[in-house]
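Visitor: Structure in structure tokens, see below.
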Amino acid sequence: MNDPAALVVVPPVELAAPDIARWRAGNTGVDHVHRLRADAPGPVVHVQALTHGNEICGAIALDWLLQQVQAGWRPLRGTLTLAFANVEAYARFDPADPYPSRCVDEDLNRVWADEVLAGPRDSRELRRARALRPFVDDADRLLDIHSMGEACVPLMVCGTQDKHAAYSRRLGVPGVLLIDTGHPAGLRMVERGGFGDPRSPRQALLIECGQHWERAAADVAIDALVRFLGLEGLADAGWVAAHTRVPLPPRQRLVRVTEAVVARSTGFRFLLPTEGLGVIPKAGTTLAQDGEHLWHTPYDDCVLVMPGTHNLKPGGTAVRLGRYED
Ligand SMILES: [Zn+2]
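In this text, residue positions in the sequence shown follow this note's numbering: the first is 1139, and each later residue adds one.
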């Protein structure tokens, strides 16, 4: 029992994965992508779920909104795109073994660089990203709904850009905002094009709603979606007030990531218990080992951002290290 990986247990799966087959035929020519156009002009807003196939809170949120649409709800202005992304991985979701259905061939959220999308490589995720790309590139505002492998309070991944943290403060949720340094394994959707350019007015948010399968994650996902539609003027204040599910946090704190701990081999191990947003008080604390290499915390009060070794491969990020700025 010296091996921390031997202690890993699968958290309970409290959420039920909705049947999204009925949403396959959208109106866009791309399966599982729906577009709603208002008469009044406004922003092009893109909401995406299932970028990772086992993060089912996002599927629950889009399934919920599409039911609202069936009941007559429409955006008040602009264009709203609703996309279930990695539907092939989601189709493999197994509550008895829920980790592998994150993806089929590769991580769909590491393929968004132009040279990758336009390059010669092929995978099921790349095919899906190529199909989704026109919608992503058309969007003025983007909300990508995710969840986390380990227990952690909800947080907003603002990419590498301070403009997205400012935008999250206008949204008002969640209580923790994260500015990071990207992933060495590839560009995320929220970093693509103008989303990753501080001079561009385009805004992209990636919300991590909590642990993948905890009941509260679905409420956080629906709440964030409702507030996002309200912020962009696609939904009125009464509808927003009727459907928000989570109280606003008293304040939003920003964690700025300074570095990523990237696995070098399949032998990567944490050497102390980790939890999402856990704080290690002392600089120099030994954190992890990979063969002969040891990682130590670089400063006091080091925040562990989304530590996890499920599905971790060489070159994958095991944890990111950061500091609270406020
Ligand atoms: Zn995810």
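Glycine included, C-beta positions come from ideal geometry on N, C-alpha and C. Nothing here was measured: the structure is a model prediction, and the numbers come from that model.
Does the region 1431 to 1446 come into contact with the region 1409 to 1417, if we say contact requires no fewer than three beta-carbon pairs (one atom in each stretch) closer than 8 Å?
Guide: yes
Visitor: Sorry if obvious, but does the Cβ on histidine 1190 come closer than 7 Å to a heavy atom of ligand 1?
Guide: yes
Visitor: Is the beta carbon of histidine 1284 within less than 7 Å of some heavy atom of ligand 1?
Guide: yes
Visitor: Using a Cβ-based criterion (distance less than 7 Å to any ligand heavy atom), does glutamate 1193 qualify as near ligand 1?
Guide: yes
Visitor: Leaving out the 5 sequence neighbours to the left and right, which residues in its chain are closer than 6 Å to arginine 1279 when beta-carbon positions are compared?
Guide: These residues qualify, in order along the chain: Pro1181, Val1183, Gln1341, Glu1370.
Visitor: Excluding the five sequence neighbours on either side, which residues of its own chain have a C-beta within less than 6 Å of the C-beta of tyrosine 1462, listed in chain order?
Guide: Arg1391, Val1393
Visitor: Let me know if glutamine 1299 comes out buried or exposed under the rule of 16 or more other beta-carbons within 10 Å of its beta-carbon.
Guide: So glutamine 1299 counts as buried.
Visitor: Please list the segments of the alpha helix (DSSP H) lying wholly inside the region 1361 to 1418, counting only runs of 4 or more residues, in order along the chain.
Guide: 1375 to 1381
Visitor: Glutamate 1226 by DSSP, collapsed to three states: which one?
Guide: helix
Visitor: Suppose contacts are defined by Cβ-Cβ distances below 8 Å. Is leucine 1281 in contact with leucine 1363 by that definition?
Guide: yes
Visitor: Are the CB atoms of valine 1328 and leucine 1343 within a distance shorter than 8 Å?
Guide: yes
Visitor: Assign methionine 1294 to one of three DSSP states: helix, strand, or coil.
Guide: strand
Visitor: At what residues does the alpha helix (DSSP H) containing aspartate 1232 begin and finish?
Guide: Where aspartate 1232 is concerned, there is no enclosing alpha helix (DSSP H), given that its DSSP letter is neither H nor E.
Visitor: How far does the beta strand (DSSP E) with glycine 1348 in it extend, from its first residue to its last?
Guide: Per DSSP, glycine 1348 belongs to the beta strand (DSSP E) from 1341 to 1349.
Visitor: Pull up the CB-CB distance for phenylalanine 1408 and leucine 1425, whole angstroms please, since I reckon it's below 8 Å.
Guide: 7 Å
Visitor: Can you look up alanine 1178 in the DSSP assignment and give me helix, strand or coil?
Guide: strand
Visitor: Proline 1419: buried (16+ other C-beta within 10 angstroms of its C-beta) or exposed?
Guide: When all chains shown are included, proline 1419 counts as exposed.
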